[in-house]
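One structure is given below, encoded as structure tokens.
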Ligand SMILES: CC(C)(COP(=O)(O)OP(=O)(O)OC[C@H]1O[C@@H](n2cnc3c(N)ncnc32)[C@H](O)[C@@H]1OP(=O)(O)O)[C@@H](O)C(=O)NCCC(=O)NCCS
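Numbering (the working numbering), first residue to last: -2 to 215.
Below is the structure:
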């Protein structure tokens, strides 16, 4: 199928999702495989994520990607900030010439209930409980909260974060008229920073992304 979704966030930032139906050779035509990913399916996901980067910005220098000790991929000269996610047969990427970015995609499954207490602060659990009377929305919102925190983790990039305490929903979730969902977050690892996470539901997955001023020191 190829490109499943693409959105131009603003003049300098784009996000996209690829539905993987190709085999490895398709991606290897464009993507230099540097990473030592031994599991064939994980390698396919890895390649699809990389493949999306020049799909978004044709001059994206795939050859120049480096991997930090935290496993965050980056470009030394910061020509672009970018972030990648994969799950099942989907891969997502966000690329920006101007902003720090993080993206995550996640399949919606009840498995999320088994780990929710580990990543949600009590205040977030209380807020989520208000949606319990609508079980589908409740599970989708729970998955979005997880995805939002994974996106913030990648946006930060330095690891060593408590999902429960260092990133917190700090206001009501807004379900917008254009299918976008907006979540106000506070990043509390250092001096608190306000972040806005944008999310969207695509059956059977959700996507969340975060952007901020690239000069922001956290
Ligand atoms: C790094 C992490 C966010 C990846 O998330 P995931 O759902 O396993 O996998 P995704 O497919 O969404 O993302 C993988 C991509 O994230 C990127 N990535 C890996 N480490 C990263 C980091 N430290 N910062 C930014 N991006 C990172 C890579 O691009 C990777 O894909 P690639 O190797 O093919 O390039 C996750 O493994 C992790 O470590 N989470 C934090 C662990 C934690 O504290 N959990 C507590 C929960 S209560």
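Virtual Cβ for every residue (Gly too), placed ideally from N, Cα, C.
If you're wondering where the values come from, they're calculated on a predicted model, not measured in any experiment.
A residue is called buried once 16 or more other Cβ atoms fall within 10 Å of its Cβ, and residue 164 is buried on that count.
Residue environment: residue 10 is assigned as buried (16 or more neighbouring CB atoms within 10 Å of its CB, all protein chains considered). Contact check for residue 102 against residue 14 passes: the beta carbons are separated by less than 8 Å. Residue -1 carries a strand assignment under DSSP once its states are collapsed to helix, strand and coil. DSSP lists 71 as the bridge partner or partners of residue 63. Counting along the chain, residue 43 sits inside the alpha helix (DSSP H) bounded by residues 37 to 53. If you draw a 10 Å sphere on the C-beta of residue 42, you find 16 or more other C-beta atoms in it, and that means buried. With a cut-off of 7 Å, the C-beta of residue 70 is classified as near ligand 1, since at least one heavy atom of the ligand falls inside that distance. Residue 131 sits exposed, since fewer than 16 C-beta atoms from the chains shown fall within 10 Å of its C-beta. Measuring C-alpha to C-alpha distances from residue 144 to each of 84, 21, 128, 2 identifies 84 as the nearest. Within a 10 Å sphere around the beta-carbon of residue 75 sit fewer than 16 other beta-carbons, which makes this residue exposed. The distance from the Cβ of residue 58 to that of residue 72 is about 7 Å, consistent with a contact at the 8 Å cut-off.
Spatial neighbours of residue 196 in its own chain (CB-CB distance under 7 Å, excluding positions within 5 residues in sequence) are listed in chain order as 141, 144, 145, 178, 180, 203, 204, 205. Judged by DSSP secondary structure, residue 116 falls within the alpha helix (DSSP H) whose first and last residues are 109 to 116.
Close CB contacts of residue 118 within its chain, under the 6 Å cut and outside five residues either way in sequence, are with 161, 165 (chain order). Using a cutoff of 7 Å, the CB of residue 59 does not count as near ligand 1, since none of the ligand's heavy atoms is closer than that. Per DSSP, reduced to three states, the secondary structure at residue 23 is helical. Here the alpha carbon of residue 190 sits roughly 43 Å from the alpha carbon of residue 22. The beta carbon of residue 81 lies closer than 6 Å to those of 46, 90 in the same chain, with the five residues before and after it left out. By the criterion of a C-beta distance shorter than 7 Å, residue 105 is surrounded in its chain by 136, 137, 140, 201, 202, 203, once the five residues flanking it on both sides are discounted.
Residue 151: member of the alpha helix (DSSP H) spanning 132 to 153, first to last residue.
Only buried fits residue 92, as 16 or more other CB atoms lie within 10 angstroms of its CB.
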